[in-house]
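Q: There's a structure below that I have some questions on.
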Amino acid sequence: MRHWHDDPGALAWRQSAEAADRHRGTVMPPEQLPGLIAGRAEVALAWQLLAGPLTPVDLTPGRMALRRALKILPQSGPDPNCYEQRWRDRGWSGGQPLELCKRPTCGRCVPLRLTGHR
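Have a look at this one:
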């Protein structure tokens with residue numbers, strides 16, 4: 001099975017994309033990301049719910065709060081599949097790699113999406 005890095009130009013594109021990300025720097029402080037704020041609230045709720053469950057059934061609300069948190073907490077860096085998805089989906093954008101991936105918690109793309117990048 002062929003890896004996406006094996007496509008002609010993929011490795012050079014990733015290196016230039018990473019250089020552009022370093023040059024752009026932080027576009028929004030992480031503590032201002034709505035997903036981080038809401039995710040922390042969900043983690044606090046989960047901690048409260050899981051602090052002293054009496055039966056295994058009592059664990060369910062805490063587990064559900066943790067699952068909600070994991071769906072919205074942004075990662076500290078790019079999603080492991082961010083570059084691959086952007087490269088593979090280039091056919092949808094006229095042959096050019098996408099600027100943003102579709103991962104809802106990608107630490108690279110979430111701040112860019114919130115600041116108006118496409």
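With my numbering applied, the sequence shown closes on residue 118, and no number is skipped along the way.
Here a beta-carbon is modelled for each residue, glycine too, at the ideal position from N, C-alpha and C.
If you drop the 5 nearest sequence neighbours on each side, which residues of the same chain put their C-beta closer than 8 Å to that of G121?
A: Any property of residue 121 remains undetermined from this structure, which presents the chain solely from 1 to 118.
Q: For P56, is the classification buried or exposed, using 16 other Cβ atoms within 10 angstroms of its Cβ as the cut-off for buried?
A: By one-based count along the sequence shown, residue 56 stands at place 56. When all chains shown are included, P56 counts as exposed.
Q: Taking the beta carbon of L54 as the centre, do at least 16 other beta carbons fall within 10 Å, making it buried, or is it exposed?
A: To locate residue 54, count along the sequence shown from 1; it is residue 54. Exposed: under 16 other Cβ atoms inside 10 Å.
Q: When the Cα atoms are used, what is the spatial distance from R2 to D89?
A: Within the sequence shown, residue 2 is the residue found at index 2, counting from 1. Within the sequence shown, residue 89 is the residue found at index 89, counting from 1. Rounded to the nearest angstrom, the two C-alpha atoms are 16 Å apart.
Q: Ignore the nearest five residues each way along the sequence and tell me which others in I37's own chain have a CB closer than 7 Å to its CB.
A: As a first step, residue 37 must be located in the sequence shown, where it is residue number 37. So no residue of the chain qualifies.
Q: Can you name the start and end residues of the alpha helix (DSSP H) that G77 belongs to?
A: Indexing the sequence shown from 1 puts residue 77 at position 77. Note, G77: premise wrong, no alpha helix (DSSP H); not H, not E.
Q: Looking at G39 and I72, is the spacing between their C-beta atoms short of 8 Å?
A: Working through the sequence shown from its first residue, we reach residue 72 at position 72. Working through the sequence shown from its first residue, we reach residue 39 at position 39. Going by C-beta atoms, I72 is nearer than 8 Å to G39.
Q: Give the secondary structure of M64 by DSSP, where H, G and I count as helix, E and B as strand, and everything else as coil.
A: Position 64 of the sequence shown, counting from 1, holds the residue named residue 64. It is helical.
Q: Could you tell me the boundaries of the alpha helix (DSSP H) in which P34 lies?
A: Numbered from 1 along the sequence shown, position 34 holds the residue referred to as residue 34. Note, P34: alpha helix (DSSP H), P34 to L50.
Q: Within the same chain, show all residues whose beta-carbon is closer than 8 Å to that of R103, passing over the 5 residues directly before and after it, in chain order.
A: Position 103 of the sequence shown holds residue 103. D79, N81, C82, Q85 and C109.
Q: Determine the direct distance from the alpha carbon of W47 to that of E99, and round the result to whole angstroms.
A: Within the sequence shown, the letter at position 99 stands for residue 99. Within the sequence shown, the letter at position 47 stands for residue 47. Whole-angstrom Cα-Cα distance: 36 Å.
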